[in-house]
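Participant:
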Amino acid sequence: MLKKITILIISFTISLFSQIITGASNSSEYLPKLKGKNVAIVVNQSSLIDGEHLVDYLLRRDINIVKIFAPEHGFRGKADAGQHLKNGIDSQTGLPIISLYGKHKKPTRRDLKNIDILLFDIQDVGVRFYTYLSTLHYIMESAVESNIPIIVLDRPNPNGGRIDGEVLSLKYKSFVGMHPVPTLYGMTIGEYALMINGEGWLKGHRRANLQVVHLGNYRHSTPYSLPIKPSPNLPNDLSIYLYPSLAFFEGTPLSVGRGTTMQFQLYGSPYYRKTKFIFTPISREGAKHPKYENRRCYGVNLRGESIDSSKGINLSYIIDAYKNYRYRNKFFLKNRFFDKLAGSSNLRKQIIAGRSIRYIKKSWQRGLNRFKIMRKKYLIYP
170 MLKKITILII SFTISLFSQI ITGASNSSEY LPKLKGKNVA IVVNQSSLID
220 GEHLVDYLLR RDINIVKIFA PEHGFRGKAD AGQHLKNGID SQTGLPIISL
270 YGKHKKPTRR DLKNIDILLF DIQDVGVRFY TYLSTLHYIM ESAVESNIPI
320 IVLDRPNPNG GRIDGEVLSL KYKSFVGMHP VPTLYGMTIG EYALMINGEG
370 WLKGHRRANL QVVHLGNYRH STPYSLPIKP SPNLPNDLSI YLYPSLAFFE
420 GTPLSVGRGT TMQFQLYGSP YYRKTKFIFT PISREGAKHP KYENRRCYGV
470 NLRGESIDSS KGINLSYIID AYKNYRYRNK FFLKNRFFDK LAGSSNLRKQ
520 IIAGRSIRYI KKSWQRGLNR FKIMRKKYLI YP
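Mapping to the working numbering: the sequence shown position 101 is 270, numbers consecutive.
#1: Taking the Cβ atom as the reference point for each residue, do residue 357 and residue 337 lie within a distance shorter than 8 Å?
#2: Helix or strand or just coil, what does DSSP make of residue 479?
#3: In the structure shown, what three-state DSSP assignment does residue 222 receive?
#4: Quickly, what does DSSP pair residue 289 with across the bridge? List them, please.
#5: Grouping DSSP H, G and I as helix and E and B as strand, with all else coil, what is residue 251?
#6: What is the DSSP secondary structure of residue 460, counted as helix, strand or coil?
#7: Drop a sphere of 10 angstroms on the beta-carbon of residue 193, count the other beta-carbons inside from all chains shown, and report buried for 16 or more, exposed for fewer.
#8: In whole angstroms, what separates the C-alpha of residue 533 from that of residue 509?
#9: Alpha carbon to alpha carbon, what distance is there between residue 457 and residue 253?
#10: Report the rounded CA-to-CA distance for residue 366 versus residue 315, giving the unit in angstroms.
#11: Going by the DSSP bridge assignment, what does residue 453 pair with across the sheet?
#12: Taking 8 Å as the threshold (C-beta atoms), are residue 189 and residue 386 in contact?
#13: Between the C-alpha atoms of residue 524 and residue 516, what's the straight-line distance to the nearest angstrom?
#14: Shorter than 8 Å from the beta carbon of residue 403 to some beta carbon of chain D?
#15: Let me know the secondary structure DSSP gives residue 380 once reduced to three states.
#16: Mapping DSSP to helix, strand and coil, what is residue 508?
#17: By Cβ distance below 6 Å, which residues in the same chain neighbour residue 246 in space, the five residues on each side in sequence not counted?
#18: Excluding the 5 residues flanking residue 464 on each side, which residues of the same chain have their C-beta closer than 6 Å to its C-beta?
#19: Taking the C-alpha atoms as reference points, what is the distance between residue 546 and residue 354?
#20: If I measure Cβ to Cβ from residue 187 and keep anything under 7 Å in the same chain, skipping five residues before and after, which residues do I get?
#21: Helix, strand or coil for residue 333? Go by DSSP, reduced to three states.
#22: How about residue 237 and residue 217: are their beta carbons less than 8 Å apart?
#23: Does the beta-carbon distance from residue 501 to residue 449 come in below 8 Å?
#24: Helix, strand or coil for residue 373 per DSSP?
#25: Tell me, please, which residues DSSP counts as bridged to residue 296.
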């Protein structure tokens, strides 16, 4: 009996000491630098430290937060994707909130007037078209232009070290892809910030006065389940795992479950071949007017898919949808949003031409090999 208790104590101790420590929780590294300063903070609902929002945590420690910058989905993370948010006041703290979405994606000099330091703490998911990366880019660029230091509090990548997808061609640069990286890039947001800086991707190839507060007990292979939704339509681990494969559907007429409780865990439409799996998107938080609202859709339920960190993008979903969509010649939207998500026009053309998954993935390899060499320079964690 005593032996069993000893083993349990040892197991608990190992678990306790191996628990991932977020950059926010590593407060001794950044709190002294915030004392007595006018601080602007870039946060959303994922900016937690031991279950408490970072804003509340800092205010309790008499840090002078002057304003909050909020990315896509807003400060509390409830807005629809692509919804233009207005500036306002946070009802809980009375602090001014400046939206960094819509036409105002980058803080102006006026926004940063009398600011001494910028603090960035937003949970990423390790996927190129997740727009928090673009917000990070613009925050860093504004910091350079206003000669303000920036601190990035690192957070784990729930997609770990997965690296896959075509490296974006800068011809297709947009807010859903600003840098020449693959769809899955296998880095934390802190490492990514170092890469933005080190590769000279900011305007004028200038470099920010950047500090990354490191994670503790983290490896890229460490499984990580997010304690809170990073955005309204990524509700669980499976949706985050499938997101890099299913987000391509946003550039097609098919639904990926916005307006259901299975966001990014299914795909379909009223014009997909009739199947036993049926769903009906409705208006709900995070999807006020989803695609095919109140209409019966046929499709594929991916709830049974297993999460395998060794696998990359699953192209079978998009190829299946293309083959089984009633109006194939209208599968790719005229606005070419699909190409922006894919990083070039290649994937669209390959799908239309009937290329195999093996052929498509082989076409990515040269770019992926070059990226992996560049990526190594900025890795903090094994």
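All C-beta atoms, glycine included, are put in the ideal place defined by N, C-alpha and C.
Facilitator: Looking at the atomic coordinates:
#1: Numbered from its first residue, the sequence shown carries residue 357 at position 188. Numbered from its first residue, the sequence shown carries residue 337 at position 168. No, the pair does not count as a contact, with Cβ atoms beyond the cut-off.
#2: Counting from one through the sequence shown, the residue named residue 479 turns up at place 310. Of the three classes helix, strand and coil, the one that applies to residue 479 here is coil, per DSSP.
#3: Counted from its first residue, the sequence shown places residue 222 at position 53. The three-state reading of DSSP puts residue 222 in strand, counting E and B together.
#4: As a first step, residue 289 must be located in the sequence shown, where it is residue number 120. Its beta-bridge partners are 211 and 321.
#5: Numbered from its first residue, the sequence shown carries residue 251 at position 82. Residue placement at residue 251 is poorly supported in this model, since its pLDDT is 44, which falls under 50; the coordinates are not used for a value here.
#6: As a first step, residue 460 is located in the sequence shown; it is residue number 291 there, counting from the start. In the three-state DSSP reduction, residue 460 falls in the coil class, being neither helix nor strand.
#7: Position 24 of the sequence shown, counting from 1, holds the residue named residue 193. Buried, because 16 or more other Cβ atoms sit within 10 Å of the Cβ of residue 193.
#8: As a working mapping, residue 533 is identified with position 364 in the sequence shown. As a working mapping, residue 509 is identified with position 340 in the sequence shown. Rounded to whole angstroms, the separation of the alpha carbons of residue 509 and residue 533 is 16 Å.
#9: As a working note, residue 253 is residue 84 in the sequence shown. As a working note, residue 457 is residue 288 in the sequence shown. Only weak support is given to the placement of residue 253: the predicted model assigns it a pLDDT of 47, under 50, and the question is left unresolved by the model.
#10: Here residue 366 corresponds to residue number 197 of the sequence shown, with the count starting at 1. Here residue 315 corresponds to residue number 146 of the sequence shown, with the count starting at 1. Roughly 16 Å between the two C-alpha positions.
#11: Counting from 1 along the sequence shown, the entry for residue 453 is found at position 284. Residue 453 is bridged by DSSP to 456.
#12: In the sequence shown, residue 386 corresponds to position 217, counting from 1. In the sequence shown, residue 189 corresponds to position 20, counting from 1. Against a cut-off of 8 Å, the Cβ pair of residue 189 and residue 386 comes out as a contact.
#13: Along the sequence shown, read from residue 1 onward, the residue named residue 524 stands at position 355. Along the sequence shown, read from residue 1 onward, the residue named residue 516 stands at position 347. Those two C-alpha atoms are separated by around 9 Å.
#14: Considering every chain present, this structure includes no chain D. It has just one protein chain.
#15: Sequence index remark: in the sequence shown, residue 380 carries index 211 (1-based). Assigned with DSSP and collapsed to three states, residue 380 falls in strand.
#16: Counting from 1 along the sequence shown, the entry for residue 508 is found at position 339. In the three-state DSSP reduction, residue 508 falls in the helix class (H, G or I).
#17: On the sequence shown, residue 246 is found 77 positions in, with the first residue counted as 1. In this prediction, residue 246 has a pLDDT of 46, which is less than 50 and means its spatial position is unreliable; nothing more can be read from the coordinates.
#18: Taking the first residue of the sequence shown as 1, we reach residue 464 at position 295. For residue 464, the CB contacts under 6 Å within the same chain, skipping 5 residues up- and downstream, are 439 in chain order.
#19: By one-based count along the sequence shown, residue 546 stands at place 377. By one-based count along the sequence shown, residue 354 stands at place 185. CA-to-CA, the gap between residue 546 and residue 354 works out to about 13 Å.
#20: One-based indexing of the sequence shown puts residue 187 at position 18. Here the set comprises 386.
#21: Counting from one through the sequence shown, the residue named residue 333 turns up at place 164. Strand at residue 333.
#22: Mapped onto the sequence shown, residue 237 falls at position 68. Mapped onto the sequence shown, residue 217 falls at position 48. In this structure, residue 237 keeps its C-beta atom at 8 Å or more from the C-beta atom of residue 217.
#23: Locating residue 501 in the sequence shown gives position 332, counting from the first residue. Locating residue 449 in the sequence shown gives position 280, counting from the first residue. For residue 501 and residue 449, no; Cβs fall outside 8 Å.
#24: The residue given as residue 373 occupies position 204 in the sequence shown. Three-state DSSP puts residue 373 in a helix.
#25: Indexing the sequence shown from 1 puts residue 296 at position 127. Bridge partners of residue 296: 353.
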